[in-house]
Amino acid sequence: LLWLSTLSEHTRQLRAEPRCALLFMGAPEGPNPQTAPRVTLTGLAEPVPEAEVAALKSRWLARHPYAGLYADFADFALWRIRPGGALLVGGFARAVRLRLGDLLPDPAAVAAVAAAEAGIIAHMNQDHADAVALIAERLLGQGPGPWRMVAVDVDGADLAEGERVCRLDFSAPIAGPEEARTELVRAAREARARAS
Numbered sequence: 046l047l048w049l050s051t052l053s054e055h056t057r058q059l060r061a062e063p064r065c066a067l068l069f070m071g072a073p074e075g076p077n078p079q080t081a082p083r084v085t086l087t088g089l090a091e092p093v094p095e096a097e098v099a100a101l102k103s104r105w106l107a108r109h110p111y112a113g114l115y116a117d118f119a120d121f122a123l124w125r126i127r128p129g130g131a132l133l134v135g136g137f138a139r140a141v142r143l144r145l146g147d148l149l150p151d152p153a154a155v156a157a158v159a160a161a162e163a164g165i166i167a168h169m170n171q172d173h174a175d176a177v178a179l180i181a182e183r184l185l186g187q188g189p190g191p192w193r194m195v196a197v198d199v200d201g202a203d204l205a206e207g208e209r210v211c212r213l214d215f216s217a218p219i220a221g222p223e224e225a226r227t228e229l230v231r232a233a234r235e236a237r238a239r240a241s
């Protein structure tokens, strides 16, 4: 998802030609940036249909709280990129093309986790706020604060404190809420062990 202004040049370009690419880059192993792992995702950009905006906007703002400043400006709109494929570069001279099927999670798992997401978040924030804070601080290396869970998906959970946001990656993609529980319990135990 992208939050784009109709006043920007890139939005005008995407309206004229929706083909696009996004580069995601990890940290290099040394001073040579060619050693950094990176993925270039290719796809088609499109405005999110109005019927889907409210739910996706809420999710976007939970993950990007600073965007609340301009989220209701009339010239901003939510866009999505429909992936077509990707190129994974694992370092110098190590590249492989990824097919769409390699990129997208299982739709049934996405639906199952999405249906349970609000309950998982409420439970973690109400009953396990201490564990959420420990995960952010001890496991993910964040500073202290009243951390809360703001999103859960098949690949992990997003935690936030004010405008700070961090990501807890699950050990593997999950298929449903029971596996989310297993991953969150594992993360809490690991965070508690590091706190000792």
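In terms of the numbering used here, the sequence shown opens at residue 46 and continues consecutively. Ideal Cβ placement from N, Cα and C applies to all residues, glycine included. Predicted model only: the values in this text are computed from it and were never measured.
Query, Result
"T80 lies in the alpha helix (DSSP H); which residues open and close that run?", "Per DSSP, T80 belongs to no alpha helix (DSSP H) and is neither H nor E."
"Name the two residues that bound the continuous alpha helix (DSSP H) containing P128.", "First-last for P128: 121-136, but that is the beta strand (DSSP E), not the alpha helix (DSSP H)."
"Any idea which residues DSSP pairs V210 with across the strands?", "A205"
"Three-state secondary structure (DSSP) at W105?", "helix"
"If the criterion is Cβ atoms closer than 8 Å, does the pair G201 and G190 meet it?", "no"
"Verify the CB distance criterion: does H168 have a CB-CB separation below 8 Å to chain D?", "The structure shown has no chain D; it contains just one protein chain."
"Nearest to R127 by alpha carbon, out of R193, G88, Y111, L49?", "G88"
"On the CB-based measure, 16 or more other CB atoms within 10 Å of its CB, does E203 come out buried or exposed?", "Sequence check: residue 203 is Asp here, not Glu. Answer is buried; the Cβ neighbour count reaches 16."
"I'd like to know if the segment 127-140 and the segment 74-82 are in contact, where contact means that at least 3 CB-CB pairs between them fall below 8 Å.", "yes"
"Taking L143 as part of the beta strand (DSSP E), name the residues at either end of that continuous run.", "139-143"
"Tell whether a beta-carbon distance below 8 Å holds between G130 and L149.", "no"
"Around the C-beta of L68, are 16 or more other C-beta atoms found within 10 angstroms, so that it is buried, or is it exposed?", "exposed"
"Could you check what DSSP says for L149 in three-state terms: helix, strand or coil?", "coil"
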